[in-house]
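A short write-up of the structure that comes next.
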Ligand SMILES: [Zn+2]
Ligand SMILES: [Zn+2]
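Numbering (the working numbering), first residue to last: 5 to 392.
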């Protein structure tokens with residue numbers, strides 16, 4: 005997997021996506037991520053590139069013209085547009101919101117363009133992954149749905165099969181909604197059960213007309229072993245069968261035990277194992293065409309920067325040793341920017357082992373029941389056997 009061109013799209017202005025003090029999605033999380041990746045030399049292994057804001061026509065691949073106009077009004081005045089989900093507690097109105105959001109979508113489009121044209125094998129936008137935004141409304145801290153716009157752009161360019169895998173702790177509802185009955189797009193979301201977490205959708209029965217919307221609704225507290233068991237029971241067989249031309253993955257790291265908004269209880273080691281598995285699958289099933297975004301993640305100091313530094317390192321083909329100490333310069337930056345104490349090493353020091361589902365399932369186990377519910381709902385559409 006070495007020797008390929010890997011592009012990281014970045015512009016300091018991506019940190020202008022800022023809902024204000026006290027909001028969980030604070031841009032310092034991507035600032036600290038890029039600083040950690042730089043200090044550790046991770047960015048020396050990739051090609052850095054800038055980006056331009058998405059145009060209105062590009063945004064309109066997913067969003068209504070009325071909504072785009074509403075976001076622009078908020079942007080100019082800072083005044084709420086509650087009918088469009090802007091000016092709520094989750095999505096506060098702020099001046100400049102259109103420019104900041106269009107730049108994030110532009111960065112994911114730049115990544116998609118690089119991969120589609122072959123300029124890069126893999127491309128990353130850690131500021132992207134705003135998967136909750138709907139056609140005509142902001143939702144769940146997301147204004148424009150950059151992964152959905154990138155997928156729609158790929159289809160417009162002639163892609164006939166695009167796969168989307170979303171490992172954020174929340175359901176990737178906006179992306180699912182845009183392509184729900186479209187057999188050209190396979191969306192797979194692994195998330196905490198909608199019974200206990202926003203947005204309240206993402207049940208296995210939401211499978212679209214042809215089984216191309218896939219939902220794995222995991223019980224709270226499932227941890228690395230349960231999560232990885234579910235991932236491997238569902239994602240590889242479906243990607244192999246679907247054989248996408250391009251794979252786009254969303255890497256919300258709010259599945260971590262320290263995340264203040266959710267309860268799946270993964271460690272950085274488990275998340276890192278998921279990144280490595282997706283990297284392998286990108287090569288095995290999508291000829292290495294891989295577009296990577298960030299996503300949610302609200303433990304701004306101890307989780308997001310380390311998770312996504314590992315992510316970039318994995319994508320670059322030079323994964324970092326889990327025992328690597330965090331650089332002193334970065335620890336100083338953390339203290340200065342947040343007043344918090346930085347973590348000392350790059351992971352939680354766990355061994356993310358799991359038992360493969362192929363060895364049989366236990367109907368008394370809540371994770372196995374979640375896996376079977378998804379396999380029963382989806383696998384027959386694809387000629388696969390739901391039983392292990
Ligand atoms: Zn690779
Ligand atoms: Zn999330």
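We treat Cβ as the ideally placed atom computed from N, Cα and C, and that holds for glycine.
Bear in mind that the values here come from a model prediction, so they are computed numbers and not experimental data.
Anticipated Cβ contact below 8 Å, residue i with residue j, distance rounded
| i | j | result |
| --- | --- | --- |
| residue 179 | residue 203 | About 12 Å; that fails the 8 Å criterion. |
| residue 254 | residue 144 | The pair is not a contact, with the Cβ atoms about 13 Å apart (cut-off 8 Å). |
| residue 295 | residue 116 | 5 Å |
| residue 215 | residue 358 | Going by Cβ atoms, the distance from residue 215 to residue 358 rounds to 25 Å, so no, they are not a contact pair. |
| residue 208 | residue 381 | 4 Å |
| residue 303 | residue 262 | 4 Å |
| residue 63 | residue 148 | 6 Å |
| residue 11 | residue 51 | 5 Å |
| residue 274 | residue 347 | With 8 Å as the limit, residue 274 and residue 347 do not qualify as a contact, their Cβ atoms being about 16 Å apart. |
| residue 378 | residue 219 | 6 Å |
Residue j beta carbon less than 9 Å from that of residue i
| i | j | result |
| --- | --- | --- |
| residue 172 | residue 226 | no |
| residue 338 | residue 18 | no |
| residue 314 | residue 341 | no |
| residue 221 | residue 374 | yes |
| residue 363 | residue 392 | yes |
| residue 189 | residue 167 | yes |
| residue 40 | residue 334 | yes |
| residue 21 | residue 99 | no |
| residue 191 | residue 217 | yes |
| residue 268 | residue 300 | no |
| residue 9 | residue 124 | yes |
| residue 139 | residue 113 | no |
| residue 169 | residue 252 | yes |
| residue 2 | residue 129 | Residue 2 is absent from the model: the chain starts at 5 and stops at 392. |
| residue 281 | residue 239 | yes |
| residue 194 | residue 250 | no |
| residue 283 | residue 245 | no |
| residue 136 | residue 174 | yes |
| residue 322 | residue 49 | yes |
| residue 311 | residue 285 | no |
Bounding residues of the alpha helix (DSSP H) (the contiguous stretch that carries residue i)
| i | result |
| --- | --- |
| residue 370 | 370 to 382 |
| residue 153 | 150 to 160 |
| residue 228 | 227 to 246 |
| residue 27 | No alpha helix (DSSP H) contains residue 27, which DSSP labels as neither H nor E. |
| residue 120 | 101 to 121 |
| residue 81 | 69 to 81 |
| residue 294 | Not the alpha helix (DSSP H): residue 294 falls in the beta strand (DSSP E), residues 294 to 297. |
| residue 180 | 177 to 182 |
| residue 341 | 332 to 342 |
| residue 63 | 60 to 63 |
Cβ-heavy atom distance, residue i to ligand 4, below 8 Å
| i | result |
| --- | --- |
| residue 258 | Because ligand 4 does not appear in the structure shown, any question about it cannot be addressed here, the ligands present being ligand 1 and ligand 2. |
Nearest residue (CA-CA) to residue i, options the options
| i | options | result |
| --- | --- | --- |
| residue 353 | 270, 389, 334 and 286 | 270 |
| residue 118 | 94, 85 and 53 | 53 |
| residue 287 | 386, 369, 62 and 126 | 126 |
| residue 109 | 297, 367, 314 and 376 | 297 |
| residue 68 | 142, 238, 187 and 355 | 142 |
| residue 360 | 318, 343, 233 and 246 | 233 |
| residue 55 | 107, 79 and 31 | 107 |
| residue 156 | 187, 206 and 174 | 187 |
| residue 146 | 84, 376, 121 and 89 | 89 |
| residue 332 | 93, 102, 345 and 311 | 345 |
| residue 102 | 133, 65, 59 and 121 | 59 |
| residue 16 | 385, 91, 86 and 104 | 104 |
| residue 80 | 97, 70 and 92 | 97 |
| residue 57 | 86, 32, 13 and 49 | 13 |
| residue 343 | 82, 305 and 390 | 305 |
| residue 34 | 61, 365, 93 and 133 | 133 |
| residue 247 | 83, 293 and 259 | 293 |
Residue i, enclosing beta strand (DSSP E) - first and last residue
| i | result |
| --- | --- |
| residue 284 | Counting along the chain, residue 284 falls outside any beta strand (DSSP E), though it belongs to the alpha helix (DSSP H) covering 272 to 290. |
| residue 205 | Note, residue 205: premise wrong, no beta strand (DSSP E); not H, not E. |
| residue 166 | 166 to 170 |
| residue 143 | Element bounds for residue 143: n/a, residue is neither H nor E. |
| residue 53 | 51 to 53 |
| residue 312 | Where residue 312 is concerned, there is no enclosing beta strand (DSSP E), although the alpha helix (DSSP H) it sits in stretches over 308 to 320. |
| residue 196 | 189 to 196 |
| residue 130 | Here residue 130 belongs to no beta strand (DSSP E), and DSSP marks it neither H nor E. |
| residue 222 | 217 to 222 |
| residue 252 | 250 to 254 |
| residue 11 | 10 to 13 |
I'd like to know if the region 350 to 367 and the region 319 to 328 are in contact, where contact means that at least 3 CB-CB pairs between them fall below 8 Å.
yes
query = Counting Cβ pairs closer than 8 Å, one from the region 195 to 214 and one from the region 152 to 169, do we hit at least three?
reply = no
Exercise. Counting pairs of Cβ atoms below 8 Å between the region 19 to 33 and the region 59 to 75, do you hit three or more?
Worked result: no
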